[in-house]
Structures are given as structure tokens and as C-alpha cells.
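When we follow this note's numbering, the leftmost residue of the sequence shown carries the number 130, and every step to the right adds one. Working notes, beginning with the structure itself.
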Amino acid sequence: MNAVSHLSKEDLAEMAESLIYLTYLKRRITNAEESVGGPVDVAIISKGDGFIWIKRKHYFKPELNQFFFDNYFKF
130 MNAVSHLSKE DLAEMAESLI YLTYLKRRIT NAEESVGGPV DVAIISKGDG
180 FIWIKRKHYF KPELNQFFFD NYFKF
């Protein structure tokens, strides 16, 4: 716990993603029910910065939906 308390926000986000992956791998190898896995979205919520995406999957291919991005980033 002492080592974790000194990690940066980015390192904590990476550690959280790694723990999810390790849980997925453990459940895949054992006979336990697979309840985690697949692509993971990672965000940091902090008092000073608020909500920030670190890693986010797209639910559709951006190159096939240029109209969405043209309108979404218009403002």
C-alpha cells in the first residue's frame, strides 16, 4: 500500500488496467466463470482535473463515420 500511495495518476491507471487483465487471464485459465475481459476503457477522475480518458475504445470505425467527427468537433 505504501508503494501505491506514491504512484502518479497515470501509473495508477495503468496498474488498474493490468489488474483487470490479470483477473481476466486467471479466470480464463481456471474453471472459474469468465466475468471480465475484452477491451477496457481507462479514465482518471481527480479533484483537480476532473474526468480524463486515458484509453478509450471506439465503438465504430472513425474512418467510416467522418460525418460524426465533423459534427462532434465543430464546437
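Cβ coordinates follow ideal geometry from the N, Cα and C atoms, glycine included.
Query raised in the report: What residue range is occupied by the uninterrupted alpha helix (DSSP H) comprising Lys138?
Result: As a working note, residue 138 is residue 9 in the sequence shown. That run of the alpha helix (DSSP H) goes 138-158.
**Report entry** Through-space distance from Phe196 to His135, alpha-carbon basis
**Finding:** Position 6 of the sequence shown holds residue 135. Position 67 of the sequence shown holds residue 196. In this model, His135 and Phe196 are separated by some 43 Å (Cα to Cα).
Query raised in the report: If Val95 and Ile183 are in contact, beta carbons under 8 Å, what's the gap, nearest whole angstrom?
Result: What the structure shows of the chain is the stretch from 130 to 204, and residue 95 is not part of that stretch, so it cannot be assessed.
Requested in this report: Leaving aside the five residues before and after Val169 along the sequence, list all residues of the same chain whose C-beta is less than 6 Å from its C-beta, in chain order.
Outcome: As a first step, residue 169 is located in the sequence shown; it is residue number 40 there, counting from the start. The residues are Glu146, Ile149.
**Report entry** Per DSSP, cross-strand counterpart(s) of Phe180
**Finding:** One-based indexing of the sequence shown puts residue 180 at position 51. Paired residue(s): Ile174.
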